[in-house]
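Per this note's numbering, the sequence shown starts with residue 566, numbered consecutively.
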Amino acid sequence: MPATLARDTETPSSPPPSAGAQALAWRAGFARLGDAFFTRLPPRPLPSPQWVSHSRDMARRLGLDEGWLRSAEALEIFAGNRVPDGADPMATVYSGHQFGVWAGQLGDGRALLLGETAGGYEIQLKGAGPTPYSRMGDGRAVLRSSIREFLASEAMHGLGIPTTRALALTASPQPVRREEVETAAVVTRVAPSFVRFGHFEHFAYADRIEELRTLADYVIERYYPECRDCPSTARLGGNAYAALLEAVALRTARLMARWQAFGFCHGVMNTDNMSILGLTIDYGPFQFLDGFDPNHICNHSDTQGRYAYNRQPNIAYWNLFCLGQALLPLIGEGEPAHALALAALEPYREAFPAALNEALRAKLGLAGLPEQDGDRPLVEDTLRLLATERTDYTLFWRRLSHHVAGSTGTGVSDGPVIDLFVDTAAARAWLERLDARLAGADRPQAGLAMLAANPKYVLRNHLGEEAIRAAKLGDFSALQRLQAVLEAPFDEHPAHDALAGFPPDWASTIEISCSS
Ligand code: AMP
Ligand code: MG
C-alpha cells in the first residue's frame, strides 16, 4: 500500500509521500488514553464506492491536495475500503442520557476514528460498519441522512456556528434496511475532538474514577489548558475540574445562543450528542425553522417535545448538570464538591441570555449602538410578532436587513418586510419603532452589518430533501449547488434565488425521525 497517510514520527528515509499524504501525517491523540476508552478495528469495506462531494475549505485546512482527493486512493480511504498508513482506526466508548433517561453504554456504533492529524484534527468515518458498540444497529448510515449531515456541517460552519465539519461524502449501492431499503454512504467528519459529555458519564457511572480522571486530564491538557491556570479559576478554588465544567458551560451557552438566533433545532439533544468543545455534533432530525414557531419540534420521534426549539437552552443546562454530576468525583467530596460544581454551572444562566441578546441585537441592527432601556422589550416584541403569525424566520431578517441598508436584495429576499405579515398594521407599528430606534444611527452601515448577520440561505428541510431525491437518482449536482451557496450564506448568489424562497407547501409534511 502506498504511504498515503504517514505518522509525523516517520524517519526521513521513508519514501516520499504523495500529495495527500504529506498533509495527513498522524500523531497520537485520543489513542494515548489506552484500551479502556476504545476498541481498535478497521472499517468494513463497501462495494463500488463513489464520490458525492467534498468540502474544499476543509480539504485546504487539512492541507489536502484537490488532485489527490480525486484519486482512486482517496475514494477508497474515505469510503472505508482502505486504512491509510499510520491511521489507527477505533470506535470509542461512551454512555449517555437519552430523552432524559439514563441509557447506559452507547459508543461509536457506526463511526470510526481514524486518528488525529499532526495539525490537530480528528478524522472520523461515519457509517463505516459495525463496532462492538453497534448494539442492534448495522453500523451503516444511509445516503439520505449522510447528505443531511454533510450539508449541515458545512452550512453551520458557513453561518459561523461552532460545529463538527465534513470533509467528504462517499456513497455505495450497498443496500441498507431502514423503514425501506436504502443505500449506504460514509461521511468523513472532522473536529478537534469528538469527545462528548457521554464519554465522562460512561466512566463516572461505572465508578471508574481513574479512567474518568485520565479523560478529564487529557481534555484539559489538550483543549482547556487555561483550566490549570489557577488565577483564571480562582473563583472555583483553583479546582481544574470545576473550571473545566465552567468552561464547557460557557461554550455551550454561546452555542445555544447561535442555534436560537439562526432558528436551528438540533432534535436529539441527548448527553451523548453534546460536544465537550461546545460544537454542534451528530446531525439527525435537525431543522432550520421555516415559520417562527417557538414550540417547533423537528424530530418526529420526539412525541413529548422535549427537544422543541424553545427548550434547547434549558435542555443544554440540564445536560451540563449531567456533566457536572459525572465530574463530581474529580471535583472533590461531599458538600464542598457539590457547591463547586453548582458554582461552575451558574455562569450559564447569565452567559446564555447575554449571548442571545447580543446575537439578536446584531440581527436587529443594534450591534454598534449602546444598549438603551427600550432595547430588550424591542427584541422581545420582535420575536412575539414573528411568533404570532409564524412569519418566515430567515426571509424576515433578510428583508429587514435590506430595509435598513436601503439596498435591494434579489429574488424573494427582496421586497417590503411588511408584506410578510397578514396584520400589516401591527408589523408597521413595530417597524416604526425599530426605525425610530435607528434614527441616529448610520443606517447603511447598520444594514451592512445586518446583511452579515442575517443569512439569505439556510439548509431548509425541503432543500435537503430535493438534493436527496436527485442524489438517489445518481445526480449530485443539486447537492453540490446547494453546498456552494450554503458555504457563503450571507452572499446574494442571484443565480440561486430559488434556494432562498419560501418553503413549498409540501415542506410541512416532511417527517424527519431518528431513522438514519
Ligand atoms: P444517535 O441517535 O444517532 O446519536 O445514535 C445513538 C447511538 O446509536 C450511538 O451510539 C450510535 O452510534 C448508535 N447508532 C445509531 N445508528 C446506528 C446504526 N445504524 N448502527 C450502529 N449503531 C448506530
Ligand atoms: Mg449520537
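Each residue gets a CB set at the ideal place from its N, CA and C atoms; glycine is no exception. Predicted model only: the values in this text are computed from it and were never measured.
For residue i, which beta-bridge partners are listed by DSSP?
| i | result |
| --- | --- |
| Met655 | Arg605 and Leu678 |
| Gln739 | Answer is none; Gln739 lacks a bridge partner. |
| Asp692 | In the sequence as displayed, the identity of residue 692 is Gly instead of Asp. DSSP, once it has assigned bridges, lists no residue as partnering Gly692. |
| Arg1153 | Only positions 566 to 1081 of the chain appear in this structure, which leaves residue 1153 out of reach. |
| Arg761 | Ser840 |
| Gln670 | Ser660 |
| Val707 | Ala749 |
| Glu687 | Glu681 and Ala756 |
| Thr845 | Thr728 |
In terms of residues, what are the limits of the alpha helix (DSSP H) holding residue i?
| i | result |
| --- | --- |
| His1027 | Asn1026 to Lys1037 |
| Arg819 | Ala805 to Phe827 |
| Val833 | Run containing Val833: none; DSSP gives neither H nor E here. |
| Leu1044 | Ser1042 to Glu1052 |
| Met1015 | Arg1008 to Leu1016 |
| Phe1055 | Counting along the chain, Phe1055 falls outside any alpha helix (DSSP H), and DSSP gives it neither H nor E. |
| Leu1064 | Here Leu1064 belongs to no alpha helix (DSSP H), and DSSP marks it neither H nor E. |
| Asp782 | Ile774 to Tyr788 |
Between the options, which lies nearest to residue i when the distance is taken from Cα to Cα?
| i | options | result |
| --- | --- | --- |
| His1058 | Pro1068, Phe1067 and Leu1047 | Leu1047 |
| Asp855 | Gly980, His662 and Trp1071 | Trp1071 |
| Thr956 | Ala644, Phe1067 and Ala769 | Phe1067 |
| Leu606 | Ile726, Ser699, Ser966 and Leu844 | Ser699 |
| Val666 | Gln937, Leu895 and Glu766 | Glu766 |
| Gly1023 | Gly763, Asp782, Gly849 and Ser718 | The residue asked about is misnamed: residue 1023 is Val in this sequence, not Gly. If we check each option's Cα against that of Val1023, Ser718 comes out closest. |
| Phe768 | Pro697, Leu801, Leu895 and Asn875 | Leu895 |
| Gly599 | Met655, Asp622, Leu634 and Arg647 | Met655 |
| Tyr958 | Gly980, Leu985, Ala1001 and Asp1007 | Leu985 |
| Gly704 | Gly645, Trp824, Phe762 and Leu732 | Gly645 |
| His1124 | Ala952, Gly803 and Arg914 | Beyond the ends of the chain as shown, which are 566 and 1081, falls residue 1124; an answer cannot be given. |
| Ala781 | Ser618, Phe595 and Asp1040 | Phe595 |
| Asn507 | Glu786, Ser660 and Ala822 | Residue numbering for the chain in the displayed model covers 566 to 1081; residue 507 lies beyond these limits and cannot be assessed. |
| Ala818 | Gln877, Gly1029, Gln852 and His1027 | Gln877 |
| Lys1021 | Trp962, Gly632 and Gly843 | Trp962 |
| Ser737 | Asp847, Ser711, Phe762 and Ala731 | Ser711 |
| Arg592 | Gly651, Leu732 and Ala639 | Gly651 |
| Asn838 | Arg626, Asp673 and Val784 | Asp673 |
| Leu888 | Val813, Gly899 and Arg730 | Val813 |
| Leu943 | Val982, Thr975, Val752 and Asp1000 | Asp1000 |
| Thr748 | Arg1034, Gly980 and Ala1004 | Arg1034 |
| Ala1017 | Leu996, Gly725, Ala731 and Tyr788 | Gly725 |
| Pro935 | Ala1006, Gly661, Ala676 and Arg914 | Ala1006 |
| His788 | Leu810, Tyr770, Glu1052 and Ser1073 | Note on residue identity: the sequence assigns Tyr, not His, to residue 788. The shortest Cα separation from Tyr788 among Leu810, Tyr770, Glu1052 and Ser1073 belongs to Leu810. |
Taking the beta strand (DSSP E) that residue i belongs to, which residues open and close that run?
| i | result |
| --- | --- |
| Ala1072 | Ala1072 -> no beta strand (DSSP E), and no H or E assigned at all. |
| Val752 | Val746 to Ala756 |
| His662 | Ser660 to Gln663 |
I think residue i touches residue j, with their Cβ atoms under 8 Å apart; what is that distance to the nearest whole Å?
| i | j | result |
| --- | --- | --- |
| Ser758 | Glu687 | 6 Å |
| Asn864 | Ser1078 | 7 Å |
| Gly1012 | Val969 | 4 Å |
| Phe643 | Thr735 | 5 Å |
| Leu708 | Lys1037 | 7 Å |
| Arg609 | Gly694 | 3 Å |
| Leu678 | Thr657 | 6 Å |
| Ala881 | Met834 | 7 Å |
| Ile841 | Val755 | That pair is no contact at about 16 Å. |
| Tyr872 | Pro859 | Actually they do not touch by this definition, with Cβ atoms about 13 Å apart. |
| Gln825 | Leu929 | With a Cβ gap of about 14 Å, Gln825 and Leu929 do not count as contacting. |
| His831 | Phe853 | Between Phe853 and His831 the Cβ distance is about 11 Å, and since that is not below 8 Å, they are no contact. |
| Ile1075 | Glu1031 | 11 Å between Cβ atoms; not a contact. |
| Arg730 | His722 | 6 Å |
| Ala1052 | Asp630 | The question names Ala, but residue 1052 is Glu in the sequence shown. Their Cβ separation, rounded to whole angstroms, is 20 Å, which puts Glu1052 and Asp630 out of contact at 8 Å. |
| Val987 | Glu954 | 6 Å |
Counting only beta-carbon atoms, is residue i nearer than 8 Å to chain B?
| i | result |
| --- | --- |
| Leu679 | Of the chains in the structure shown, none is chain B; there is only one protein chain. |
- request: Quick one: which unbroken alpha helix (DSSP H) runs of 4-plus residues sit fully inside the region 919 to 990? Chain order, please.
  value: Correct list: 940 to 954 and 958 to 970.
Next on the checklist: My parser needs the beta strand (DSSP E) runs of 3 or more residues fully inside the region 847 to 872; what are they?
Outcome noted: Within the region 847 to 872, no complete beta strand (DSSP E) run reaches 3 residues.
Next item on the list: Could you name each continuous alpha helix (DSSP H) segment of 4 residues or more that falls completely within the region 593 to 646, going from the start of the chain to the end?
Entry: Complete alpha helix (DSSP H) runs here, min 4: 621 to 626, 631 to 634 and 637 to 643.
*asked:* Quick check for students: name the residue ranges of the alpha helix (DSSP H) that lie wholly in the region 874 to 906, counting only runs of 4 or more.
replied: Complete alpha helix (DSSP H) runs here, min 4: 877 to 896.
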